[in-house]
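In my numbering, the protein residues as written are 256 to 463.
All residues carry an ideal CB built from backbone N, CA and C; glycine is no exception.
Being a predicted model, the structure only gives us computed values, none of them experimental.
These notes are about the structure you will find just below.
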Amino acid sequence: MILIGQYDSPFVRRVGIALRLYGIAFTHEPWSAFSDADKVRRYNPLTRVPTLVLDNGDSLIESHIILDYLDSLAPGGQAMFPSAEPARHQALKVAALAMGLGDKAVSLFYERRLHKEVSTVWVERCRTQITDVLGVLETDRAGRDSDYWFGDRIGHADIGVVCVLRFINDAHPGLVTIGGFPALAALSSRLEAMPVFQEISQAFIPPN
Ligand SMILES: N[C@@H](CCC(=O)N[C@@H](CS)C(=O)NCC(=O)O)C(=O)O
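Put into structure tokens, the structure is as follows:
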């Protein structure tokens with residue numbers, strides 16, 4: 256398999272970390288959706304990352320869809336979205352909120368970087384959405400005493416939240432005071448210290 260995209264993207268990073276944790280061999284092509292657009296487009300007409308090229312030549316897009324596919328390859332009981340309810344829908348919700356945060360943080364970045372005239376309405380909307388979602392995730396995580404969000408095994412919900420926190424911090428320094436979200440901060444610093452998070456990691460490179 257080939258994973259296309261840079262690890263400064265929370266969407267690409269969550270897929271890279273999942274591939275490693277599943278022990279699935281892959282080649283990493285750290286192409287930018289902007290400066291390497293022509294190369295990315297060959298595999299994904301949307302010119303977005305992550306794109307996962309399978310061994311049969313098919314390409315998968317959208318990080319959630321890619322993780323769904325990877326979960327289908329995991330040995331029984333090892334998939335990183337829980338299979339039993341209610342944990343399953345709760346984990347899907349946490350992961351969706353985390354990736355929604357990623358979407359808003361990316362959108363806020365593009366607004367400031369790519370638009371000549373920045374819309375204060377859009378900027379304020381993104382900021383409010385980011386802060387509100389972090390508050391909801393903090394309350395949820397603080398109400399759980401397990402090592403990971405859904406028990407004693409790491410899951411896609413943990414990975415997604417930690418990847419997106421790193422992205423917000425790197426792309427929008429000062430936007431969020433992580434100390435205001437202590438349960439998220441604790442999860443993030445513990446997971447970022449894990450070898451897989453250190454390996455599948457990259458400093459933020461703004462698109463040009
Ligand atoms: N919902 C997508 C979001 C992916 C995404 O926003 N990727 C960004 C990089 S962080 C991208 O490719 N941006 C270029 C574009 O959207 O045109 C996913 O989960 O994979």
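- Checking the DSSP bridge columns, you'll see residue 406 partnered with 403.
- Between the alpha carbons of residue 305 and residue 399 lies a gap of roughly 31 Å.
- In this structure, the straight-line span from the alpha carbon of residue 427 to that of residue 451 is close to 24 Å.
- As computed with DSSP, residue 444 is found in no beta bridge at all.
- Selection 416, 438, 274 evaluated against residue 265 yields 416 as nearest (Cα-Cα).
- Residue pairing by DSSP places residue 282 opposite 257 in a beta bridge.
- By DSSP's assignment, residue 321 forms no beta bridge with any residue.
- CA-to-CA, the gap between residue 325 and residue 336 works out to about 10 Å.
- Here DSSP, grouped into helix, strand and coil, assigns residue 385 to helix.
- For residue 270, the enclosing alpha helix (DSSP H) stretches over residues 265-277.
- If the five residues before and after residue 346 are omitted, its C-beta is found closer than 8 Å to the C-beta atoms of 336, 337, 404, 405, 410, 411, 412, all from its own chain and listed in chain order.
- No Cβ-Cβ contact shorter than 8 Å links residue 315 with residue 281.
- Bounds of the alpha helix (DSSP H) holding residue 414 are 411-426.
- In this structure, residue 314 has its beta carbon at no less than 7 Å from each heavy atom of ligand 1.
- In the DSSP annotation of this structure, the continuous segment of the alpha helix (DSSP H) that includes residue 349 starts and ends at 342-369.
- For residue 451, the enclosing alpha helix (DSSP H) starts and ends at 450-454.
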